[in-house]
Each structure stands twice: as structure tokens, then as C-alpha cells.
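Notes to accompany the following structure.
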Amino acid sequence: MKKILKITVNGQPYELLIKDKTLLLDVLRDHLGLTGAKRACDSGACGACTVILDGMAVKSCSVLALQADGAEVMTIEGLAKDNNLHPLQKAFLDHGAVQCGFCTPGMLMSAKALLDENPKPDKQQIKEGLDGHICRCTGYNSLVRAITDVVKGEYKEAK
Amino acid sequence: MTKYSQIGKRVNMIGGTDKVTGNAKYTTDITLPGMLYGKILRSPHAHARILNIDTSRAEKMVGVKAVATGKDTIGMKQGIWRRFPELCDEEIVCRTKARFIGDPVASVAAVDEDTAEEALELIKVDYEVLPAVFDPMEAITEEAPQIHEGVELNINVNRHIEWGNVDDAFKKCDHVREDQFVCSSQAHMCMETHCAVSSFDYNRKLTVWTSTQSSYYIQVLLSGMLGMREGDIRVINPYTGGGFGSKFELDSAQFCSAILSKKVCKPVKVVLNRMEEFTATKRRTPMYYFVKLGAKKDGTLLAKEVRVITEGGAYTGMGATALYLTGFFSSFPYKFPNYRYDGYRAYTNTQPSSAMRGFGAPQSTFVGESQLDMMADDLGIDPIEIRRKNGMTPDYVVPGQAFIQSCGLHQCLDKIEAHIKERGKLPPNRGIGIAAYGFMSGGIFNWFDTPYSFSAAIVKINIDGKVDLFTGANEIGQGSDTTLSLICAEELGVKFDDIRIHSADTGICPADLGAWGSRQTLMSGNAVKMAAADAKRQILEFAAAKLGVNIVYDLDCKDCFIHLVDRPERGVSYYDIVKAAIRGKDGETIIGRGHYTPHRKGMISPAYSFGLQAVEVEVDTETGKYKLLNVTTAHDSGKVINPVGIEGQLEGAIMMAGGYGYCEDQPIDKNGKVLNAAIGDYQMIRSLDMPETKILEIDTFEPEGPFGAKEAGEGLTNPTAGAIGNAIYKAVGVRVNKLPITPEKVFRALREKEKKDKKKKNNKKK
Amino acid sequence: MIKDFELFTPKTLDEALTLLNKYKDNCKVIAGGQTLILLMRQGLLTPSYVIDIKRIPELNFIKSDKDGLRIGAVTTHRTIEKSPIMKKGFKVLAEMESRLSYIQTRNWGTIGGNLCNADPAGDGAPVLMALKASVKLAGAEGERSMALEDFFVDSFKTALKPNEILTEIQIPALKPHTGVAYDKFNIIEGTLGTAGVAVSITLKAGGVCNDVRIALGGMANTPMLAIKAEKLLRGKKITDALLKEAGQAASAEVKPVSDILASDEYRRELAKIMVARVGNEAFTRAKKA
């Protein structure tokens, strides 16, 4: 069975004919070519597919695309503004919070959603915000430091 | 003027902006025109003869373009230990026998993944199920089923290391301990699973994009398995989502995608799902240790005897190296006058065990550091003191094995001792445990039998002064592109941003053995340094002519300024000289070449890192659950080239090594099936459980390494499990000798101790 | 690989029930799908029809009045976690939700979905059972209610008929001097617990226990009440020693299995330790209430 999905991704509206069973992750990667969100596990437990759906961080591998009909989705490709990196992206780079980078898009989406909901999280809240993610490379603490510096205002958002 | 202008700088990693913007394309992200999707059918039995495979129904399915079985291969077996053909025992796609649950038997390429998966269900395989054996101790008995033809008692490899006379030495000891330990398996758990896109074209040439730690190894192994010339295969390494030792052997994704592509001359993408990743790739080698340690009552270690049996799984892979290294590093980092190691690797019908970050040393360090603390406790000697008394020092020679040049172990001991003192008296049920380690910076033994130097590099200087650096070294997230660019920039005398690196594409880069055994900073780094020096020499010739200075003066380049070494303010612009050099040689491109192979550096490695780690834990004595509060590490990695990179390696290693100590394992059921083959079931440290980390800097210089650098990524994975064990003992007086040290095991040990203490008390009363 | 299905997105509960009644033999209801999608991806569930109830407004609410709390089945975990209503007497629910899986799961997954999954170690059940929750089920034949502990029939099996939907969870108002506490034991934070314990203690004068509930997860084939342990406390003055006895009784009552997380013996020990600890916390809260 197929249906029309109406969805806005990174500010761009789309109308797609998809199978009912299609997951949001499949739409992003396979239909829209936005490969930032990753397939890294089959059990919705690693966080690498995280995107922001109507302001909430969700695992796109565990959301039926049609349940996002009419929704607004932000993926990692929508984080930078024109040719300026978002403060979170700059902070991650400066703090070495990126190594192999496979978990990075998902991490940045959770970090953005966290700060959008609460601009001044404490360390524990930042760790909670990242707890849905596995990173095999960094040991998480550099990400916490990067986000903390953004919270402190060490990075300015581009106008 | 500071000594170095580029190395030691905190820079953003090369490739970082692609990663944070989602623009980085990994193998899993690649889509090519006409690309097909491949899936692999795997044996559900741990040990079975393959009687017949009927693929006819799958072949007829709409959307299926190719089906392949062992009959579509040339029937070769392969392995990394090419010098020893009997250890090249893996067909990858089984022709006659499956040896573990997950062993590939067939594959399908179809227009989409769903079709490929459905087609697998249409392939009918007739198996004759054979008895299987999972425990290495059982596998080496007469009754056990034979897993590989001609291998008696399933003993795959044995290794022996010896110096001095342990039997005599034990007689001279005041105290001797004998202990047993069990070191568990561990999954690499790379975020990007094994994957490959193979494209075999009508010119009979093959291009493979794959997530790998060694493009060169994959090129060579594929050529052997496909019966193709190496030069007709090009292996490209896109952004790679982790390796940790799992991705430098030829794997099923690469081989199956290549065979399938060859059948239809279309690109075929094979991406392993997470369950395949957990069960049908390779893993850390589980080891059973029997260790005897002897010392004088003042704590001088006189003798150590180690016997190990490892669970090899179904194929050798790199298991032979892990077997040797665990025996070698069981002597680290101490001066044992007498030492003996005997190691045996047994085939079992389980997922093959091979290389994983640390390569046998996390196991040997857990065992050695636990036992050493036990010895210290028996003798009433402080754990720092006993390590100080016996620790290796610079220029130590491990008899018949290794030359240690730089060794910062004692500075590390001093730093950690100060840290522990600073922590002061801890509240009840809290303790700090330490563990020391040493590790290699790349291996010496050429078991792959490469005719090439172990590393090589090419530096090309362009007319505008920008530099192209070509290296076979693989960037897998550890930052080697960044580190090597820093080395190149420093040696050449330009800025880090002037370097554009091209790595791990066998079509354009010179061969390099790849990212394993912590070899790239030292070995690839030395090759890069040599290539940069060669290119620099060519332009300095022109600078000397231009400047016309007295012959006694040497020239060098720094920050794009070519200058007299003795009078650094006098010189000429690098950019002007580059133009002059190219013009002066009829427009010839300036190319520098470099290579490196360790010669006469002993049996193991040209250089060794050292360190000491202190882990502080707090134990809940009722449940046995413990918190990793903080991990403080003093480590000697020689001159730090890429500080952001090293800090990342250290913290990342703690997550992995802490997990090895605390929660990671791969239990199997009675049929040999892995019970926790999913993220969520396989327990790993996440951000809420990650301890606070602290790095204590020490300063050493390794003569063998580029600018004095040596390894960091693996050595740091060695100590954490041992330090955790020692910390729990300090906190609550119990030990667990079987990894991982789970809350339940601590609970049982605490209850045992209570029973014993009660008994002692009652006996005292009597 | 998910098997093809037809998705319906009804706008009202009645529409949903009509569809469900029609396709009940080959159908699954999806709310957040955080477990359902996983099972479908693994091929363990292959419905031909899926009814999406996530956006039915009448199933998404948190209402509080003097009679107690009513939570619509498709209310997300995160909504409950962040709801200001929870602070007024039901903060234990917010505490449980804050430790349930990870933020992404809580943003999309629902309390109803969690209960219908009927995982013996599920996070939601022990706290709700301690709160004496009941569930409302709606089907083509009408509505019915039952105590939550009766809703769980076996591992991953509920009392739902094939044409029924869980519509709401009802929690009676807390009596005065009632304290409710919860703890979960896991090896890594956020993961499904090896064991979960929730205790509710209602006091009367003199620190005497008037009423008590001890609910455990991960200790049997369904979430369970430790009836014998409860009996030990009811009508008695709460002391440390008595709570420890209750823990002992609970550990004898539970019927845990051995799995990759823990042995059955260790689970019994955890029951003993946690019932005493959580009971203590509930007692402390009851004294303040």
C-alpha cells in the first residue's frame, strides 16, 4: 500500500508517494538523499538516526514516516545557516568531539533539541540529553564540554 | 622562536566540517547508478557440512539480478598471516562446511534491500549438522569434533616466549602466587557496520569503496580470492565509522559484494546489519590465564610463568598475533629477569576471535596488574612502590624480544602517586586502583609478507606553495589524516592548512599497511616526514643559491619562511623559492618521497608507549553495583603531535576499556548462538555512566618516532579493566578474576567474603 | 525487513474501534511504535493492517481532579515527565518517566504503548500498580475497566481482546500521608531494568502503616504485587527492621528467571534489598505528606 506523505524537511516542503511501512529514516536517506542521519542499529537504541520532529528529538528509524505527515523535520543538513556553521558544530570541532563522525549528526540533533527546549542545561541535563546515543570513539565527555561552552555563550550564532 | 610551529597545535580535525554538517559520505551512504543491494545468507548451525545449495527459486525472483555461492569463487582460502599458509584458513563463503553460526554460505544481489532479503529465504540449503564445541578447554580434547581438516585437537597456533630460567628462579623467591583469570570477549561495536560497494566493470577492473582500516590489505586479499591482479583492483576508503581492529581483514561484505558485482558488472552494495555485525564479523579474543608470579620479600619480581589458552573461534584471522602479543605484554611493563610464556589458540565453533584495540594486551594487563596488586598486598608493599621497584626504564632490553628506547613509566608513577595523595582519605566503600601498561607502536614482523615498505608517502608541492600529501594510511576517525598533515607541515615548514591529504586510495596512494597495531603515527609518520624532508631539500637547494650565504650555514623552513638555522631572521619567502624551484627545473613538479620499515628493532615494535591509570570507584556493598567515578591517566606517548586527537583517544579508550571491565561480553547459548546481538542487549557505557576523566601530561622523546612521537590509541585501552579490579579491592576487599566485573559478580564475592570473615571470627572465638 | 501493510489513521476513537473490529485478526494498533516498529523490523510481527491512534485527541490528555489522575493512553512519556500536574502529588510518575529509556524514546513513545507491550521488566507497570491504577479498555462491544495488575496476563500478553484498545489509565487520588517511591536497578542507565520496585505506604497516627503496595518488575512473567510482603507491613509500625523483613518476604515471593542480565538468585537478592530501600523512601515521603 502506498500513500502521499506531505512533510517539510529543513524548511523545504515535499510531497512523496511512499509505501505505508516506510520509516522516517528511509524517507530522509533514500527518498531525499539526506544521508546525514545514519542507520547504525536495528533496535532503535543507538541514536545515530536522531532528527528533530516538530521540535522533539526522535529516532527516525522508529517513526513511521506517515506519522510525520504534516510535520516539520530538521536534519543535520539543516543545522548550518548558509555558509556559517552553527555554534554547536563549531564547538564540537574545537573540542575534538568528533572522531569517526558516524554518531555526530544524531548527537548534534539531540544537542540542538536540548538547547531549544532548555537554553541553560546543567552538566547532568546535558549528559541525559546525550544518553540516547552510543559513541564508540570519544567517550562523550568532550561533547559535554563542547555543549557546555555553547551554553556559556562562548560561541555566537550567525545572524 | 618556539621549537615547533605546527605539531602540538590544537587544530580542528581534517574532515571534521564534513562530519558535523552531514556532508561526510560513508560507504553506507554511497549510491551509484544501477547499483544493486546485496544480502548474505548465513549458516544457522555452529558446525555443519553443506550438502547442497539450491538457489533456483531465488534466481527466478523478480528483482534478483545475481545469486552467488562458494561455487562462484575460485576456491581459495585466505588469511592475514600469509607467511604461514596453514593459517590462511578462511574461505569467507563456505564451500563445504560452515564452522560457526553466521558463516556465509550464499549471497544475493537485487534491485532493493527488501527483495534481496526475501530472496535469501528462497535459497534452500541442505546441511548435515555436526557436533559442535564452544569451550576451548573442551575443544583440545580427543572427544571434540575436528573443526579444520588436519588440525589435531583443534590446536590452531601455539607460541612460546622465554628468557632466563623460571624454574630455578621460583625456588629463590620468598613468595610465589598462582592465580587463574578469565578474560571475556568484546565486540568492536563500530558505529558503522562492515560494508562495501564493489563495482566490477566491463574492462574487468574492480573498484571497491569500503569501510576499512587497510585499503592495501583489502586490495591484496581480494586479488588473491578473485584471481585478479592487484593492480586491477582499486580500494577506496571513504569516511569510515570506526574500526578498532575489526576492519583490516577481508570480510564478507567486501568479498560477497565483489563476487556478485563480477557476475553482472553492476555496482553491488552490501551493508551488514547490526546482528551480523555482532555475530559474524570478528571479536576480541577470550583468554584463559594461568599465571605464576614470584618475588623477593622486598618486592623485587624474579620470575613469571604464564600459560594461556585462547578461544580462537572458527578461523585464525589475526588471532595468532593476539596470542603472541598477550604473551609478550604479560611481561610489561616490568623487568623480569626470568620469564616464560606458553600460549595455545584453540579452534572452536564460535565467531572467530581476532584483533581488537589492544590486541591481547588489555587481557594481559588485566591479569598482570591484578596479580601484581595481589602480590603487593601479600608482601605488605604499596602498589606504586612495587611498580616503581620493577618498572621498565629507558633503554631497557627485553631479552631476545625488544629494545625499549624512551620510557616515561616512572614519571607516570610519580604523577599518579601525587594524584592519589591529593585525593586523600576516601569515604567508606570507595577506592582507587591503579594499573600500568606498555604497548607497541606498530608491529615489526612481516606476517603479511608484503614486498613493500610498511609505510610510504609522497609529497607534491604546487606552484602556489600548497602541498598535496599522498599516504596509504587510513583515517578511521582516530585523526591520522590530521596527525600526518601536522607532521608534513612541520617538516616541510609550511602551515597545517597548506596541506591537502589524500589517503588510503590504492589507485593513487603508495602502499601502507593501514591503521592497526597503533602503527600509523610512528610508521606512516616517519614516511611522511621523510617525504616532506625530500621535497624540502629540493627547494632548499634553490634557496641556498638565491641567498648566496656562506657554506657553513644550514637552511631550514618554518611558517613558510626559508631561513638560516643560525640566523632565523635572515631568509626568503617559501612561496618565491617554490616558484623558482619549479621554473629552474624546466617546470618539473616538486615531488618528495618517503618510506619506513623498522629494521633491527627487535621482534615486536620499534617503540613502546607507557602509562599508569588510576580508577576511583564507589561500591554499593548490598547490591555489588559500583560507579566509575573518575579515571586519571598519566601516559607517555612521546612528543604529542595532535593534542586534540590524543585526548580524544584517551577518553574514547576509557569508554571501551571501562566497558571491557564493567559490562561488555558476548555470552552464547548451548547451541553457540550469541545471546545479546543487539544494541541495548549488548551493554555499553553511555554518557550518564561515563566517569570524569583527567589527563596528566608527561614529557618524553622517542628517538624512533617522527619528532619523538609514538602511539596512543591502543595502549590507553590496556589498563582500565585492571585498574577497576584493583579499585574494587581497595574499596571493599574483594576481587573478581573473571571479566567483565559485573555487579552480580561483585555481589557474590562480597557475600563469600562475609561468610569467610564470619567463619574466621567464629574460629577465633573457639 | 518490515512486511508490507496498510496504514489507517482514524481521527476518532470510534473510527479506530470500527477499523479494529473489522481487521482484528490481522491487525496491530500503533501509537508511538517504539517497540512495535522494532518487532516488525525483526519480522516478529507481520500485521497486514496497522491502525495509527497517535493523533487521536481524545486519547491524549492528562487530567487531574479530586478523584485522582487520568492519563490518555497515547500521552507520551516525555509529556508525563514534564507535566506540572505530576508535581502535585504524583512526582513519582515523573521520576519513573525520567529514567525510562532515553529522551528520543520518551518524545515519541506512549504510556499506553508501554503497558500494552506487557514486558515483565517494563518501567511503567510497577509505579502504576503501586498507585492502584486501573486501565480502561474500549472495544466494539463497549468499555470495561480493570485493575492494572489484572491487565497483565503473561509475558508480553495482556487482557486486551483482539478488537480492544487501551484508552486511559486512571489513578485514584492519594490518601493523606501517602508516600510513593520507585527505583530501578540496571547496569547501564537508561536501559531496561534488571529489576524495578515501587512501594506506596499510607500512614496513620504513630507511624503505623494503614495501607501498602509493593510492586515489582522483572521478577516474574508479569509485573507483580508482593502480597505476602505487603501483609507484613499492613497495620504495623514501620521500622527499618520491618522493612527488611518485608524485603525478605518479597524475595521469597518473586519468581524471577535467569537471563543475560542476571541470575534468578541475584534477582531475588535485588528484590530483598530494593523493597527495603524503596519502602524506606516511601515511608519518608509518607511522613512528609
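Protein chains in written order, with the working numbering: chain D, 1 to 159; chain B, 160 to 925; chain G, 926 to 1214.
The beta carbon of each residue, even a glycine, is placed where N, CA and C say it ideally should be.
Using a CB distance below 9 Å, the part of the segment 99 to 131 of chain D facing chain B consists of GLN99, CYS100, GLY101, PHE102, CYS103, THR104, PRO105, LEU108, GLN124, ILE126, LYS127, GLU128, GLY129, LEU130, ASP131, ordered along the chain. In its chain, beyond the 5 residues on either side, LYS123, ILE126, LYS127, LEU130 have a beta carbon closer than 8 Å to the beta carbon of VAL144 (chain D). For TRP368 (chain B), DSSP records a beta bridge to B:VAL356, B:ILE395.
The beta-carbon distance between GLY471 (chain B) and ALA505 (chain B), rounded to whole angstroms, is 6 Å. This is short enough to meet the 8 Å contact definition. A distance of 8 Å or more separates the beta carbons of HIS569 (chain B) and LEU855 (chain B).
ALA265 (chain B) is positioned such that its CB atom lies closer than 8 Å to that of VAL226 (chain B).
For ASP149 (chain D), the nearest beta carbon of chain G is not closer than 8 Å to its own beta carbon. Put simply, the CB of MET74 (chain D) is far from chain G, with every gap to its CB atoms at 8 Å or more. Scanning its chain for C-beta atoms nearer than 8 Å, with the 5 sequence neighbours on each side dropped, one finds around GLY624 (chain B) the residues VAL653, ASP657, CYS719, TYR733, TYR734, VAL737, in chain order. Pairing SER989 (chain G) with LYS1007 (chain G) gives a Cβ-Cβ distance that is not under 8 Å. Annotation: SER60 (chain D) to SER523 (chain B) spans about 42 Å, alpha carbon to alpha carbon. Around the beta carbon of HIS722 (chain B), 16 or more other beta carbons sit within 10 angstroms, so the residue counts as buried. Scanning chain D for C-beta atoms nearer than 7 Å to the C-beta of LYS979 (chain G) yields GLN67, reported in chain order.
Counting along the chain, no alpha helix (DSSP H) covers TYR163 (chain B), and no H or E run does either. DSSP lists G:ARG995 as the beta-bridge partner residues of LYS988 (chain G). The DSSP-derived three-state label of ARG696 (chain B) is helix. By the C-beta density criterion, ILE1152 (chain G) is exposed, having fewer than 16 other C-beta atoms within 10 angstroms. Residues of the segment 894 to 907 of chain B with a Cβ closer than 9 Å to any Cβ of chain G, in chain order: THR901, PRO902, GLU903, PHE906, ARG907. Annotation for GLY197 (chain B): SER266, VAL267, ALA268, ALA275, CYS415, SER416, LEU419, VAL427, LYS428, VAL429 place their beta carbon closer than 7 Å to its own, counting only its chain and skipping 5 residues before and after. Under a 10 Å Cβ-count criterion, SER1183 (chain G) is classified as exposed, with fewer than 16 other Cβ atoms of the shown protein chains found around its own Cβ. Of the candidates B:GLY519, B:ILE543, B:VAL450, B:ASP537, the residue whose Cα lies closest to the Cα of TYR500 (chain B) is B:VAL450. Assignment of beta-bridge partners to ILE827 (chain B) by DSSP yields B:VAL833.
Within the segment 817 to 839 of chain B, the residues whose Cβ lies closer than 7 Å to any Cβ of chain G are, in chain order, CYS822, PRO826, LEU834, ASN835, GLY839. Rounded to the nearest angstrom, the gap between the Cα atoms of GLY476 (chain B) and PHE243 (chain B) is 12 Å. Using a Cβ-Cβ cut-off of 8 Å, ALA57 (chain D) counts as an interface residue toward chain G, since at least one Cβ of chain G sits closer than that to its own.
HIS754 (chain B) is bridged by DSSP to B:ALA615. In the same chain as VAL1179 (chain G), and ignoring 5 residues on each side of it, the C-beta atoms closer than 8 Å to its own belong to LEU1141, MET1144, ALA1145, MET1149, ALA1151, ARG1192, ARG1193, ALA1196, in chain order. In the three-state reduction of the DSSP assignment, HIS206 (chain B) falls in the coil class, being assigned neither a helical nor a strand state. A residue is called buried once 16 or more other Cβ atoms fall within 10 Å of its Cβ, and ILE710 (chain B), having fewer, is exposed. Setting aside the 5 residues that flank it on each side, ARG393 (chain B) is surrounded in the same chain by THR366, THR665, GLY666, each with a C-beta closer than 6 Å to its C-beta; the list follows chain order.
In the displayed model, GLY730 (chain B) falls within a strand according to three-state DSSP. By the CB criterion at 8 Å, PHE1208 (chain G) and ILE1126 (chain G) fall inside the cutoff.
Taking one beta carbon from each stretch, the segment 98 to 106 of chain D and the segment 135 to 144 of chain D have 3 or more pairs nearer than 8 Å; the two touch. No Cβ-Cβ contact shorter than 8 Å links ALA595 (chain B) with GLY567 (chain B). Under the Cβ criterion of 8 Å, THR782 (chain B) is counted among the residues facing chain G. The Cβ-Cβ distance between ASN801 (chain B) and THR641 (chain B) falls below 8 Å.
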